[in-house]
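Number of protein chains: 2
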Amino acid sequence: MKKALGGRILFFCSIVCLLFGIQGYAQEHPNLILTKAGVEKIRAELGSIPIFDTTLKQVQEEVDAEIALGIHTPIPKDYSGGYTHERHKRNFIILQKAGVLFQILEDEKYAIYIRDMLFQYEAMYKDLPVHPKERSYARGKLFWQCLNDSNWLVYVSQAYDCVYDWLSSKERKKLEKNLFRPFADFISVGNPQFYNRIHNHSTWGNAAVGMIGLVMGDDELIARALYGIKDAKLDINAKDNDGGFIFSKDKKAGFLANLDEPFSPDGYYTEGPYYQRYAMYPFLIFAEGLQNVRPELNIFAHKDSVLLKSVDALLNLSDKDGEFFPLNDGQKGMSYYSRELVTAVDIAYHFGGNNPGLLSIAKKQDQVVLDDTGLSVALGLKENREQPFVKKSILLSDGPEGNEGGVGILRYGQEELSLVFKYAAQGLSHGHYDKLSYSLYDQGDEVLQDYGLARFVNIEQKGGGNYLKENKTWAKQTVAHNTVVQNMVSHFNGKYEIGSQHHSELVFSNITDPDFQIISAKEENAYPGTLMHRTLVMIKDPDYERPFVLDIFNIISDKENQYDLPFNFMGQVMKANFEYETPSSLQALGDDNGYQHLWLEAKGNPLTENTKLSFLNQGRFYTLTTTAEGSDELLFTRLGANDPEFNLRRDASFIVRRKAQNTAFVSVIEPHGGYSPVSEFAVNSNSNIENLTLVGNDENYTGVSIKDKNGHELIVVISNNDASSETIHELNIDNTQYKWSGPFNCIKIKKQ
Amino acid sequence: MKKALGGRILFFCSIVCLLFGIQGYAQEHPNLILTKAGVEKIRAELGSIPIFDTTLKQVQEEVDAEIALGIHTPIPKDYSGGYTHERHKRNFIILQKAGVLFQILEDEKYAIYIRDMLFQYEAMYKDLPVHPKERSYARGKLFWQCLNDSNWLVYVSQAYDCVYDWLSSKERKKLEKNLFRPFADFISVGNPQFYNRIHNHSTWGNAAVGMIGLVMGDDELIARALYGIKDAKLDINAKDNDGGFIFSKDKKAGFLANLDEPFSPDGYYTEGPYYQRYAMYPFLIFAEGLQNVRPELNIFAHKDSVLLKSVDALLNLSDKDGEFFPLNDGQKGMSYYSRELVTAVDIAYHFGGNNPGLLSIAKKQDQVVLDDTGLSVALGLKENREQPFVKKSILLSDGPEGNEGGVGILRYGQEELSLVFKYAAQGLSHGHYDKLSYSLYDQGDEVLQDYGLARFVNIEQKGGGNYLKENKTWAKQTVAHNTVVQNMVSHFNGKYEIGSQHHSELVFSNITDPDFQIISAKEENAYPGTLMHRTLVMIKDPDYERPFVLDIFNIISDKENQYDLPFNFMGQVMKANFEYETPSSLQALGDDNGYQHLWLEAKGNPLTENTKLSFLNQGRFYTLTTTAEGSDELLFTRLGANDPEFNLRRDASFIVRRKAQNTAFVSVIEPHGGYSPVSEFAVNSNSNIENLTLVGNDENYTGVSIKDKNGHELIVVISNNDASSETIHELNIDNTQYKWSGPFNCIKIKKQ
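Which chain is which? The protein sequence lines are A and B, in order. Once you know that position 109 of the first sequence is 108 in numbering that gives the first Met the number 0, the rest is easy, because the numbers rise by one and skip nothing. Once you know that position 484 of the second sequence is 483 in numbering that gives the first Met the number 0, the rest is easy, because the numbers rise by one and skip nothing.
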């Protein structure tokens with residue numbers, strides 16, 4: 000498939016390049032994102048397309064206010080968050096918008112503003128040295144990293160396209176010779192270690208070079224964008240600031256490679272949703288440009304329409320409030336309300352068959368892109384064609400071929416309860432050491448959290464807005480996630496070189512019955528000699544008020560180890576059913592691998608067969624019930640040790656610690672009842688579980704019994720060695736013979 | 000005034016009692032809260048009064064569901080949160096609602112339900128011992144405290160009134176003889192230590208006895224309600240569970256005394272808004288009953304209409320979201336959406352001259368009381384008469400005569416910034432040791448918090464839903480508030496006996512200019528020999544993006560002391576301009592007075608003349624700038640030490656510690672800019688203050704200079720010995736002569 004495609008494109012290039020070499024300059028502008036025909040259609044509809052009209056008005060006010068402030072292109076000096084960084088960032092955003100306004104409103108003041116600013120940049124850029132800040136592996140000129148310079152060019156290309164025909168040929172020549180071409184060269188051939196990667200950085204670089212190439216009709220730049228720099232001299236062992244390898248093993252590069260490699264066939268982006276969101280803009284905006292200027296490429300159909308699928312996948316990777324699950328490095332709060340997602344949704348709607356579900360997202364976003372795609376959305380909304388975008392349970396594969404594990408999301412009801420199970424690949428340099436971890440959401444509120452990243456993006460006071468060292472020492476470490484840590488060492492010893500060679504495996508899953516959804520996955524490489532096998536089940540039983548999660552974590556090892564299973568719970572402790580001691584002074588729980596950041600607030604041992612901890616969060620009660628062994632240690636921890644800059648949140652964790660060779664942690668997380676500080680009624684504040692028991696565990700089967708307060712029992716049996724849905728299983732439980740097909744079964748025994 | 004009033008009432012009683020003695024039984028029912036005429040009017044309007052119709056439908060659904068569950072009157076056993084407590088609580092709420100439904104809908108099933116449940120209670124009550132739980136100073140029978148028994152009777156009286164005429168005379172006699180009269184006697188003459196107090200407990204008791212008295216036409220009970228138990232034998236030194244004195248010095252008691260004593264003439268209730276809210280229901284519902292049955296009392300005009308004023312005061316004691324400021328013991332989150340406030344707003348609207356501002360609150364509440372008052376509100380809303388309820392800056396006096404200090408609220412804009420300054424009396428047994436403390440809110444979000452109480456009201460897991468011991472050891476202590484602690488000892492040594500003898504004093508204030516609002520107050524008794532004088536100014540200057548708070552805390556003592564000024568800030572530390580050390584293990588900051596709950600996270604010393612700490616909360620930046628002395632200690636603390644049950648939130652504090660005899664802490668809390676995790680833009684993230692200086696401080700004047708980054712200067716001068724607004728002051732500052740009248744001045748010096 001890949002070979003065939005490569006062949007097709009080479010063929011296309013050899014013939015068409017020449018044509019375009021001539022045609023390029025002759026094409027009418029705008030043709031990149033806005034098109035001549037599109038602009039005419041927009042002008043005709045103006046005033047009758049509410050969401051478009053409102054966005055246009057807001058953009059006009061924003062741009063007019065900036066024009067009134069005058070043009071400022073300061074000599075670059077700062078990291079993100081600092082003045083020069085934020086000013087140049089603001090400039091490229093406003094330039095793009097001014098271009099759109101010029102086309103739609105036909106008011107020359109916008110063209111003049113663009114021209115004048117571009118020539119200020121032209122005058123400055125000629126002699127501009129690399130940026131004085133030295134932290135980046137690929138320093139830019141306007142910004143401290145080539146990445147931001149690429150952002151600039153992606154946006155400014157669009158502005159240039161909008162005024163292209165309005166500028167004189169002499170002006171265009173001057174700009175292209177002194178600004179655009181050297182700019183594109185600097186971020187590509189000038190920085191191959193940035194440009195020739197499989198990484199979101201490179202995607203921005205590729206799109207930047209490609210988009211200015213499309214506007215300029217420069218086929219060399221377009222080819223460089225699509226296929227990378229040929230014959231770049233590269234150090235295969237080089238790493239970037241995040242500790243990731245710079246180059247992929249097979250040295251693939253360019254926009255198409257960046258589309259093939261990090262996206263799975265399901266549209267999951269291996270770095271995780273936060274970076275997928277970031278990369279979506281260059282992916283989609285360049286794709287839109289290619290579709291408009293080079294429709295023969297049929298870019299949206301590439302790799303079985305992976306770009307369109309990726310928008311759907313990304314929307315599904317959000318909680319009830321539209322906030323992305325913070326898998327790997329992801330800043331919490333980022334959501335489908337971001338500008339990148341406005342673009343993504345509009346483009347996916349326009350080029351992806353007008354899915355009416357996307358209209359409901361666009362309606363929530365309450366703005367559209369001011370181009371043909373936004374017009375489509377505005378017309379769709381005007382004609383009331385929207386339908387709810389229903390997020391269901393979904394399994395997303397990881398890896399270019401979709402065979403490197405993945406991410407599973409279990410949802411009950413209207414996202415009443417959502418669980419995100421990660422059994423994926425490393426996720427490039429932004430990956431965390433969190434094999435088989437999961438996080439849990441109730442109505443969009445975190446119950447068991449993934450910490451996210453340790454960074455305050457663009458807040459200068461916090462390390463220049465960049466990654467903080469606690470990202471490596473805490474956020475990436477295994478103990479920051481809800482999964483097992485062996486001997487207080489992170490998965491793969493916290494080493495990217497090792498982690499990036501492996502991925503977890505999906506064993507089986509079934510998400511068809513909303514009342515019994517199951518995903519089972521295993522990991523054999525995180526700790527050599529230890530097999531971790533986790534099965535998560537979301538169960539809604541009529542005898543329980545709310546759905547709950549059953550978590551079976553089986554461990555088989557070649558030696559005895561200490562296993563820590565952290566529950567990074569949110570909220571206030573209500574009650575524990577065991578005794579514990581609280582120390583009079585707090586010590587860190589360990590020296591490294593994240594443990595150096597945890598204060599040990601209390602330590603206890605189980606008193607009964609089940610360890611129970613209940614807590615209250617956002618007005619809802621939760622109880623963790625987990626099978627106990629007498630020698631378990633139960634640890635309450637609090638984040639904040641060895642955090643001299645107050646970079647970490649003071650979040651809690653409850654850790655079950657067990658010394659064993661083979662063992663199973665069986666737990667239920669049970670949401671129940673609620674509390675309102677206004678009515679002051681506490682409803683159903685106690686767990687409904689009387690007893691949770693591991694009734695059997697061998698190489699063939701694991702069986703768990705959940706008995707409720709009324710004596711009704713649920714028995715969940717999973718097969719440990721046969722994932723086939725065909726196999727017939729037969730088991731005798733309590734003198735009753737049960738028979739079923741497939742790798743799991745749930746038996747309900749009502750009390751007589 | 001009081002004497003005259005007393006005379007009038009005695010006169011009224013001696014004549015009217017006889018009349019009522021005869022008339023009482025002859026009156027038609029309902030006449031307590033619902034009235035015959037009112038019910039007819041409601042029936043006529045039904046279907047055309049949306050908010051009333053909706054509430055009625057909800058209530059009907061709620062009651063029908065309860066009726067379907069059957070009647071349950073379990074033998075009392077539990078604390079609040081437990082089954083029997085919650086069941087009996089639910090019963091009285093449903094009984095009251097069923098009564099209303101019977102009257103409005105004329106469906107006999109509701110009357111039958113009430114009758115049947117009342118007779119179950121009648122059968123049980125006859126032989127019911129006091130409640131088995133022993134914690135209360137006044138144990139009830141249905142509940143663990145007489146307070147809850149009184150709640151029951153306040154509600155059930157209303158239900159009884161609604162079915163009074165429908166019941167047979169024989170049924171009424173049986174209920175009154177075996178249930179209502181003994182019930183009323185038990186909570187009053189049976190428990191004078193509960194009933195004959197000036198306290199919200201007694202208000203409930205008085206209202207309960209009075210309301211059943213009004214329904215039964217029992218003048219003895221009504222008199223007992225209004226004036227308390229005559230000649231009750233009382234131990235003047237007795238205390239309740241909260242550590243408060245049970246009896247007032249002059250032994251006043253009864254409903255009218257409870258109206259005279261805890262309310263200031265401005266309607267401020269000395270226990271604070273949380274308990275005012277709780278007490279409002281019996282105050283207002285009994286007042287409504289009195290107004291209906293005994294209109295001659297003109298209860299709503301009592302003490303210059305203090306009941307109506309108190310509703311206005313209470314609404315003003317809420318933040319932008321309608322949540323009450325947690326002064327003294329107050330559970331955060333309680334708001335004007337509570338059922339008590341629905342009643343309060345409707346009654347104040349109906350009996351207080353149809354203030355259209357109240358309609359906008361009722362609209363937000365989205366429900367009304369199902370009686371004449373709710374009908375008035377529903378009709379007002381139907382006719383679109385509502386206007387915004389604008390909360391402005393306000394000073395509320397404390398004390399029966401209004402001369403015991405008070406609470407001042409400074410507000411800027413539409414509650415963009417709100418400050419609550421407490422210079423009040425002790426606030427009875429629920430008072431905190433927090434003289435001259437303040438809390439600060441930005442758009443309804445806390446910036447500098449008052450911790451509130453240490454209790455999870457009605458959550459059984461947490462100490463039976465009652466006060467936790469950390470309420471005394473932490474929440475009430477001075478260090479839990481934003482005010483000075485001397486030598487690590489709380490105000491009045493944390494002793495209620497001393498604190499309740501004193502109050503702070505308002506020195507001067509001016510809230511007429513929204514851009515410069517000032518309140519100055521002093522406290523001389525919290526620490527004998529030490530005068531504390533705090534002046535808070537809310538300033539909006541055109542050179543600053545947002546309003547900010549200037550805080551001048553002057554201390555004059557007869558000896559050297561250690562002063563701690565805590566800033567209980569919310570959010571994440573962004574930056575500090577001083578060096579500090581973070582310990583490798585955490586110790587508690589002290590042994591008692593609240594300090595035993597604080598972990599010392601870091602300790603430093605100022606490097607420059609101003610100590611600066613910036614933090615980020617809810618997407619907004621704040622900077623604290625405070626004048627420093629080289630020997631100051633700067634402490635970062637975190638709550639949680641000595642908290643074995645995890646009862647306390649892990650909140651932060653920043654404490655400025657200084658050893659001195661006389662000193663002034665001068666600080667600015669400056670909100671600025673913001674951050675969105677969606678746009679990832681950090682706007683205006685730095686303080687605009689270049690320098691904050693105490694330019695002069697003597698017995699006559701305190702002068703403070705605030706210089707901004709552009710060199711513009713604000714000089715604020717306050718008079719320390721003359722609060723008169725008439726006095727002319729003249730001062731030479733930097734060779735310029737300034738002259739003004741009144742105790743403060745603000746001079747702006749623009750940089751040339």
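Quick reminder that beta carbons are idealized off the backbone N, C-alpha and C, glycines included.
- Rounded to whole angstroms, the gap between the alpha carbons of A/Ile538 and B/Arg89 is 31 Å.
- A distance of 8 Å or more separates the beta carbons of B/Phe254 and B/Val446.
- For B/Thr581, the C-beta contacts it makes with chain A under 7 Å involve Pro643, in order along the chain.
- In the three-state reduction of the DSSP assignment, A/Glu522 falls in the strand class, which pools E and B.
- Using a Cβ-Cβ cut-off of 8 Å, B/Arg276 does not count as an interface residue toward chain A, since no Cβ of chain A sits closer than that to its own.
- Only those residues of the region 612-634 of chain A whose C-beta falls short of 8 Å from the nearest C-beta of chain B are listed: Ser613 and Leu615.
- Of all residues in the region 323-339 of chain B, only Gln330, Lys331, Gly332, Met333, Ser334, Tyr336, Ser337 and Arg338 place a beta-carbon less than 8 Å from a beta-carbon of chain A.
- The Cβ atoms of B/Tyr700 and B/Val682 do not sit closer than 8 Å to each other.
- Around the beta carbon of B/Gly321, 16 or more other beta carbons sit within 10 angstroms, so the residue counts as buried.
- Residue pairing for B/Asp563: DSSP places it in a beta bridge opposite B/Val484 and B/Arg656.
- In the three-state DSSP reduction, A/Ala722 falls in the coil class, being neither helix nor strand.
- Around B/Gly710, the same chain offers Glu689 and Lys750 as residues with beta carbons nearer than 8 Å, after the five sequence neighbours per side are excluded.
- Annotation: the continuous alpha helix (DSSP H) that includes B/Tyr273 extends over Pro272 to Val292.
- At the C-beta level, A/Ala347 and A/Leu316 stay beyond 8 Å of one another.
- Residues of the region 443-472 of chain A with a Cβ closer than 9 Å to any Cβ of chain B, in chain order: Phe455, Val456, Asn457, Ile458, Glu459, Gln460, Lys461 and Gly464.
- Taking C-beta atoms under 8 Å as the contact rule, A/Ser359 and A/Phe323 fail to qualify, at a distance of about 18 Å.
- Secondary structure of B/Gln119 (DSSP, three-state): helix.
- The beta-carbon of A/Pro676 is placed less than 8 Å from the nearest beta-carbon of chain B.
- The DSSP-derived three-state label of B/Glu403 is coil.
- Per DSSP, the continuous alpha helix (DSSP H) segment holding A/Leu378 begins and ends at Asp371 to Lys381.
- Annotation note: the region 524-563 of chain B contains the following uninterrupted beta strand (DSSP E) runs of length 3 or greater, listed N- to C-terminal: 529-538 and 547-556.
- B/Phe680 belongs to the set of residues whose beta carbon lies under 8 Å from a beta carbon in chain A.
- Proximity of the region 266-285 of chain A to the region 412-430 of chain A meets the contact definition, three or more beta-carbon pairs being nearer than 8 Å.
- Listed along chain A, no residue sits closer than 8 Å to B/Val376 by beta-carbon distance, the nearest being about 19 Å off.
- Within the region 143-223 of chain B, the complete alpha helix (DSSP H) segments of 4 residues or longer fall at 145-162, 168-174, 180-186, 191-194 and 199-215, listed in chain order.
- Between B/Thr662 and B/Leu633, the C-beta spacing is not below 8 Å.
- Looking at B/Gly356, B/Glu523, B/Trp151 and B/Ala453, the one whose alpha-carbon comes closest to that of B/Phe91 is B/Trp151.
- In this structure, B/Phe299 keeps its C-beta atom at 8 Å or more from the C-beta atom of B/Phe262.
- Membership of B/Gly603 in the beta strand (DSSP E) is indicated by the continuous run Leu597 to Asn604.
- Straight-line measurement puts the Cα of A/Arg533 at about 7 Å from the Cα of A/Leu435.
- With contacts defined by Cβ atoms closer than 8 Å, A/Leu141 and A/Val99 do not form a contacting pair.
- Looking at the backbone, the Cα of B/Phe515 and that of B/Glu544 are separated by about 15 Å.
- Residue state for B/Val310 is assigned as helix, using DSSP reduced to three classes.
- A contact between stretches requires three or more CB pairs, one per stretch, nearer than 8 Å, and the region 151-168 of chain B meets this requirement with the region 192-212 of chain B.
- B/Ile66 is not a Cβ neighbour of B/Lys35, given a cutoff of 8 Å.
- For B/Ser156, the closest Cβ of chain A is not nearer than 8 Å.
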